[in-house]
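When you read off a place in the sequence shown, starting at 1, and then add 2, the result is the number in the working numbering. Data first, discussion second: the structure below is written as structure tokens.
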Amino acid sequence: MLLEVRRTPKDVQVILTRSHPQFVAKLFELEVPEVLEKIVEIKSIVREPGDRTKIAVTSREKAVDPVGACVGIKGSRVQAVVRELRGEKIDIIIWTSDPRVFIAEALNPASIEKVGVDEEKKSALVVVADSQLSLAIGKNGQNVRLAARLTGWKIDIISATEYEKEKAERDKEIKAALAEETEALHQQEEARELELKARAESDAGQPDPDKEE
Numbered sequence: 003m004l005l006e007v008r009r010t011p012k013d014v015q016v017i018l019t020r021s022h023p024q025f026v027a028k029l030f031e032l033e034v035p036e037v038l039e040k041i042v043e044i045k046s047i048v049r050e051p052g053d054r055t056k057i058a059v060t061s062r063e064k065a066v067d068p069v070g071a072c073v074g075i076k077g078s079r080v081q082a083v084v085r086e087l088r089g090e091k092i093d094i095i096i097w098t099s100d101p102r103v104f105i106a107e108a109l110n111p112a113s114i115e116k117v118g119v120d121e122e123k124k125s126a127l128v129v130v131a132d133s134q135l136s137l138a139i140g141k142n143g144q145n146v147r148l149a150a151r152l153t154g155w156k157i158d159i160i161s162a163t164e165y166e167k168e169k170a171e172r173d174k175e176i177k178a179a180l181a182e183e184t185e186a187l188h189q190q191e192e193a194r195e196l197e198l199k200a201r202a203e204s205d206a207g208q209p210d211p212d213k214e215e
């Protein structure tokens with residue numbers, strides 16, 4: 003793929019690349035008519051050349067399945083791209099504006115149980131079954147790293163066991179805090195009652211001005 007043309011005082015340099023993510027996008031344009039015709043749009047694409055690519059697609063027409071169009075009958079279209087990339091793995095996922103769904107899809111092929119997001123910090127906590135943890139993270143963190151780049155979100159992944167353990171600890175801390183607050187309110191109420199009682203006793207001990215006259 004032609005990446006750049008550089009003009010220098012002496013000559014013109016033509017920069018070609020097979021490692022740029024857009025090279026994969028161009029291959030899909032060649033193999034998938036719906037992509038070439040802009041019916042299927044590639045919304046995001048990230049790549050670690052020679053190893054794995056993740057691509058998020060959407061359709062401008064409801065009748066067209068964007069993932070199915072890119073995969074092709076019996077995987078014919080995506081396999082043609084894979085052959086050109088000499089066996090590089092390709093994950094094709096559907097793009098969505100819902101960050102929870104998009105992040106879960108981006109972590110394909112792992113199955114996701116829960117996704118919590120902090121939109122202000124643009125970070126997500128993903129919970130997976132213990133058996134899916136290594137798959138979700140990927141070899142040397144590749145799967146989660148590519149998913150984070152694809153979605154533009156910071157992604158942390160924990161196992162369901164670790165999540166339940168942390169949840170139990172948080173619940174324990176919350177209960178302790180509530181108990182402490184309840185006890186403090188109870189002590190304040192007792193103090194007010196004692197104060198009112200003391201005032202009543204003090205008032206009772208004062209002489210009645212009307213009787214003295």
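No residue lacks a Cβ here, since even glycine has one placed at the ideal position from N, Cα and C. Please read all numbers here as calculations on a predicted model, not as lab measurements.
Contact between C72 and F25 is absent: CB atoms are separated by about 16 Å, not below the 8 Å threshold.
Burial is judged here by how many other beta carbons sit within 10 angstroms of a residue's own beta carbon; V37 has at least 16 and is buried. Where G70 is concerned, the enclosing alpha helix (DSSP H) starts and stops at 68-73. Under the DSSP assignment, I159 falls in the beta strand (DSSP E) whose first and last residues are 156-161. Residue state for T55 is assigned as strand, using DSSP reduced to three classes. In its chain, beyond the 5 residues on either side, V129 have a beta carbon closer than 6 Å to the beta carbon of K116. By the CB criterion at 9 Å, K91 and D53 fall inside the cutoff. By the Cβ-count criterion, N145 is buried, with 16 or more other Cβ atoms from all chains shown falling within 10 Å of its own Cβ. In this structure, the CA atom of K141 is about 55 Å from the CA atom of H188.
Going by DSSP, V119 is part of the beta strand (DSSP E) stretching over 116-120. Secondary structure note for K91: its beta strand (DSSP E) is the uninterrupted segment 91-96.
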